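Enquirer:
Number of protein chains: 2
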Amino acid sequence: MTYCLALRLDEGLVFLADTRTNAGIDNIGTYRKLHVLRPAPDRVFVIESAGNLATTQEVLDRLDHDVRTPGDHESLLTVTHLFEAALYLGRVSQSVVQSHRDALRVTGADATATFILGGEILPEPPDILLVYPEGNYIRASDDAPFLQIGESKYGKYLLDVAVTAKTDVDTATKIALGSMMSTARANLGVGPPYDGAILRGDGLLNLVEFRVEADSPTLAQLHEMWERHLFNAVDDLPNVMPSEIDLS
Amino acid sequence: MTYCLALRLDEGLVFLADTRTNAGIDNIGTYRKLHVLRPAPDRVFVIESAGNLATTQEVLDRLDHDVRTPGDHESLLTVTHLFEAALYLGRVSQSVVQSHRDALRVTGADATATFILGGEILPEPPDILLVYPEGNYIRASDDAPFLQIGESKYGKYLLDVAVTAKTDVDTATKIALGSMMSTARANLGVGPPYDGAILRGDGLLNLVEFRVEADSPTLAQLHEMWERHLFNAVDDLPNVMPSEIDLS
Chain A
1 MTYCLALRLD EGLVFLADTR TNAGIDNIGT YRKLHVLRPA PDRVFVIESA
51 GNLATTQEVL DRLDHDVRTP GDHESLLTVT HLFEAALYLG RVSQSVVQSH
101 RDALRVTGAD ATATFILGGE ILPEPPDILL VYPEGNYIRA SDDAPFLQIG
151 ESKYGKYLLD VAVTAKTDVD TATKIALGSM MSTARANLGV GPPYDGAILR
201 GDGLLNLVEF RVEADSPTLA QLHEMWERHL FNAVDDLPNV MPSEIDLS
Chain B
249 MTYCLALRLD EGLVFLADTR TNAGIDNIGT YRKLHVLRPA PDRVFVIESA
299 GNLATTQEVL DRLDHDVRTP GDHESLLTVT HLFEAALYLG RVSQSVVQSH
349 RDALRVTGAD ATATFILGGE ILPEPPDILL VYPEGNYIRA SDDAPFLQIG
399 ESKYGKYLLD VAVTAKTDVD TATKIALGSM MSTARANLGV GPPYDGAILR
449 GDGLLNLVEF RVEADSPTLA QLHEMWERHL FNAVDDLPNV MPSEIDLS
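Residue numbers (this note's numbering), protein chains in the order written: chain A, 1 to 248; chain B, 249 to 496.
(1) Give the DSSP-derived three-state secondary structure of LEU485 (chain B) in the structure shown.
(2) Going along the chain, which residues of its own chain have a beta-carbon closer than 6 Å to the beta-carbon of THR374 (chain B), five neighbours each way excluded?
(3) State the DSSP-derived secondary structure class of ALA265 (chain B), mapped to helix, strand or coil.
(4) Take every Cβ of the stretch 266 to 284 of chain B, pair it with every Cβ of the stretch 426 to 444 of chain B, and state whether three or more of those distances are shorter than 8 Å.
(5) Do the stretch 81 to 95 of chain A and the stretch 1 to 15 of chain A touch if we need at least three Cβ pairs shorter than 8 Å?
(6) Report yes or no: is there a C-beta of chain B within less than 7 Å of the C-beta of THR164 (chain A)?
(7) For ALA462 (chain B), tell me which candidate among B:MET428, B:LEU257, B:ASN275 has the shortest Cα-Cα distance.
(8) Any Cβ of chain B within less than 7 Å of the Cβ of ARG20 (chain A)?
(9) For THR173 (chain A), decide whether its Cβ has a neighbour in chain B, counting only Cβ atoms nearer than 7 Å.
(10) Taking 7 Å as the CB-CB cut-off, is LYS156 (chain A) touching chain B?
(11) If the cut-off is 8 Å on Cβ atoms, which residues from the stretch 455 to 470 of chain B count as contacting chain A, listed in chain order?
(12) For a contact meaning CB atoms closer than 9 Å, what does PRO238 (chain A) contact in chain B?
(13) If you compare alpha carbons, which of B:SER341, B:PHE331, B:ARG349 is closest to ALA388 (chain B)?
(14) Would LYS33 (chain A) count as contacting chain B if we go by Cβ distances under 7 Å?
(15) Along the chain, where does the alpha helix (DSSP H) containing ASP463 (chain B) start, and where does it finish?
(16) So if DSSP puts THR80 (chain A) in a beta bridge, which residue, or which two residues, is it bridged to?
(17) Would you say the beta carbon of ASP64 (chain A) comes nearer than 6 Å to a heavy atom of the ligand ZN?
(18) When you compare only the Cα positions, how much space is there between PRO145 (chain A) and THR326 (chain B)?
(19) Name, please, each residue of chain A whose Cβ falls closer than 9 Å to the Cβ of ALA392 (chain B).
(20) So with CB distances below 8 Å, who are the chain B contacts of VAL46 (chain A)?
(21) With a threshold of 7 Å between beta-carbons, can LEU13 (chain A) be considered close to chain D, or not?
(22) Can you tell me whether THR56 (chain A) is buried or exposed, with buried defined as 16 or more other CB within 10 angstroms of its CB?
(23) Per DSSP, ASP195 (chain A) forms a beta bridge with which residues?
(24) If distances are taken between C-alpha atoms only, which option among A:ASN187, A:ASP61, A:LEU7, A:PRO41 comes closest to ASP142 (chain A)?
(25) Bridge partners for TYR3 (chain A) per DSSP, in chain order?
(26) Can you tell me where the alpha helix (DSSP H) with LEU63 (chain A) in it begins and where it stops?
(27) Looking at chain A, is there any beta carbon in it that lies within less than 7 Å of the beta carbon of SER341 (chain B)?
(28) Residue range of the alpha helix (DSSP H) that TYR304 (chain A) falls in?
(29) With a CB to CB cut of under 7 Å and the five nearest residues on each side skipped, what residues in its chain are close to ASP358 (chain B)?
(30) Mind pulling the chain B residues with CB within less than 7 Å of PHE115 (chain A)?
(31) With a CB to CB cut of under 6 Å and the five nearest residues on each side skipped, what residues in its chain are close to ASN206 (chain A)?
(32) Determine the burial state of GLY118 (chain A): buried for a count of at least 16 other Cβ atoms within 10 Å of its Cβ, exposed for fewer.
(33) Please classify ALA103 (chain A) as buried or exposed, where buried requires at least 16 other C-beta atoms within 10 Å of its C-beta.
(34) From this set, A:VAL59, A:ASN136, A:ALA113, A:GLU134, which residue's C-alpha is nearest THR2 (chain A)'s C-alpha?
(35) Are there three or more Cβ pairs, one per stretch, closer than 8 Å when the stretch 60 to 67 of chain A is compared with the stretch 33 to 49 of chain A?
Here it is as structure tokens:
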């Protein structure tokens with residue numbers, strides 16, 4: 001299982017991904033699902049992945065290979081818009097799945113993967129796109145400027161309520177971690193460490209990466225404060241039923 | 249879509265269900281999914297349903313018919329433990345699905361339904377059970393004393409964090425509504441009015457039903473306070489990254 005999200009704010013982009021993987025319930029590992037690619041000085045990409053781990057790794061290897069191999073083939077160097085990068089990523093993803101389809105069909109394994117592709121190709125503004133296993137993509141909406149892949153339901157309410165394009169990057173990062181912690185608490189398939197990246201939308205391609213470790217004091221503090229606020233909220237809420245009705 | 253939940257507390261049981269149904273995206277209706285049955289003075293049952301609406305309605309009609317029809321057949325009158333009621337409900341559910349299977353196979357429709365069965369058969373203590381379409385059942389665990397059916401992921405975190413067997417009934421009702429509101433906010437397939445029921449575990453079978461209407465001031469107040477607390481929580485959280493790192 002996996003949970004990755006990306007936010008598109010007026011101030012820039014925020015990415016967050018968990019690292020837990022499992023092949024069956026007794027083969028649980030830790031793998032990066034957030035990858036930063038800087039193939040040229042005028043562009044930076046962040047790719048988050050959910051789905052088949054072998055597929056996502058081969059897709060990333062092929063992307064890297066295409067950049068490093070001279071020639072006039074398509075690569076992250078040749079695209080001039082993020083949507084072209086998304087379509088290219090989608091084609092690579094389909095090609096990888098196709099190359100293993102017959103072998104995987106025998107075991108019934110699902111080799112597909114879903115990606116969030118974000119970043120900036122100058123002079124275009126930064127953006128985030130969700131690339132489906134079928135190779136097509138969607139953008140985040142203006143009203144709900146975020147994308148999620150993997151176990152997206154547990155942490156959606158907080159994003160729905162708290163994130164708008166006007167949210168500042170620092171607040172958005174806390175909200176993203178809140179959404180991630182909610183998901184990890186409710187689903188054992190999602191867990192720390194969490195990888196994050198922030199791209200300020202200042203046209204300087206200033207991308208900062210960070211990792212929140214499982215035993216970090218910051219995470220413990222976030223957990224404790226988050227749950228305390230939830231308890232306070234519950235305490236402050238009015239009773240649903242007046243107690244006189246309750247006794248009827 | 250549907251979201252129903254039930255909590256098993258030391259003080260008693262709390263049930264909550266939404267009422268939104270849809271057959272396709274352009275046929276959206278409001279139906280009760282929480283049903284109270286009092287077939288005899290020594291027992292009360294609450295049944296919550298998710299899945300095929302026709303199946304759940306026919307199951308309830310058959311349960312009622314079995315109670316009203318004289319004879320020595322099994323019914324909610326003849327069972328002496330809740331687990332027997334759960335197995336009986338499961339058999340009726342399977343029988344209903346079986347009777348329409350051939351006709352539904354043509355359209356590919358899924359006729360199955362999942363139920364939460366709760367209540368009390370004196371002198372047994374109250375309990376809640378989840379009845380699968382296959383006819384078997386599970387209880388809530390001691391650590392997480394709640395059951396959910398339907399769209400269970402959106403509102404699970406709050407239950408995981410806030411509900412224990414020691415939670416009082418009033419607080420648990422607020423938490424249940426918080427979980428319901430989170431789900432409705434994040435998924436259009438779940439919506440008000442919300443039907444609730446509370447069974448005090450005092451051996452008096454004192455079951456109180458309530459409904460929270462979409463335009464009720466209580467719901468508006470709960471919404472407003474809930475979201476305000478979330479914003480306050482986000483504001484109070486420490487920044488994930490010190491700003492000096494942010495500028496690197």
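Here a beta-carbon is modelled for each residue, glycine too, at the ideal position from N, C-alpha and C. Note that the structure is predicted; figures quoted are calculated from it, not measured.
Expert: Judging by the given coordinates:
(1) coil
(2) The sequence shown places Pro at residue 374 (chain B), rather than the Thr named in the question. Result list for PRO374 (chain B): LEU261, GLU368, LEU447, GLY449, in chain order.
(3) strand
(4) yes
(5) no
(6) no
(7) B:MET428
(8) no
(9) yes
(10) yes
(11) Those residues of the stretch 455 to 470 of chain B placed with their C-beta closer than 8 Å to a C-beta in chain A are VAL456, PHE458, VAL460, THR466, GLN469, LEU470, ordered along the chain.
(12) The answer, in chain order, is LYS422, THR466, GLN469, LEU470, MET473.
(13) B:PHE331
(14) no
(15) Counting along the chain, ASP463 (chain B) falls outside any alpha helix (DSSP H), and DSSP gives it neither H nor E.
(16) Per DSSP, none; premise fails for THR80 (chain A).
(17) Among the ligands in the structure shown, none appear at all, so the ligand ZN cannot be discussed.
(18) 56 Å
(19) Near ALA392 (chain B) there are no residues of chain A at all, since even the closest Cβ is about 10 Å away, more than 9 Å.
(20) Near VAL46 (chain A) there are no residues of chain B at all, since even the closest Cβ is about 16 Å away, more than 8 Å.
(21) Absent from the structure: chain D. Protein chains present are A and B.
(22) buried
(23) Note: ASP195 (chain A) sits in a beta bridge opposite A:ALA17, A:ARG211.
(24) A:LEU7
(25) A:GLY150
(26) 53 to 68
(27) no
(28) Because residue 304 (chain A) is not part of the residues shown, which for chain A are 1 to 248, the question remains open.
(29) ASN300
(30) Here the premise fails: no neighbours, minimum Cβ distance about 22 Å.
(31) ARG200
(32) The residue in question, GLY118 (chain A), is buried, as its Cβ has 16 or more Cβ neighbours within 10 Å.
(33) exposed
(34) Looking only at A:VAL59, A:ASN136, A:ALA113, A:GLU134, the smallest Cα-Cα distance to THR2 (chain A) is reached by A:ALA113.
(35) yes
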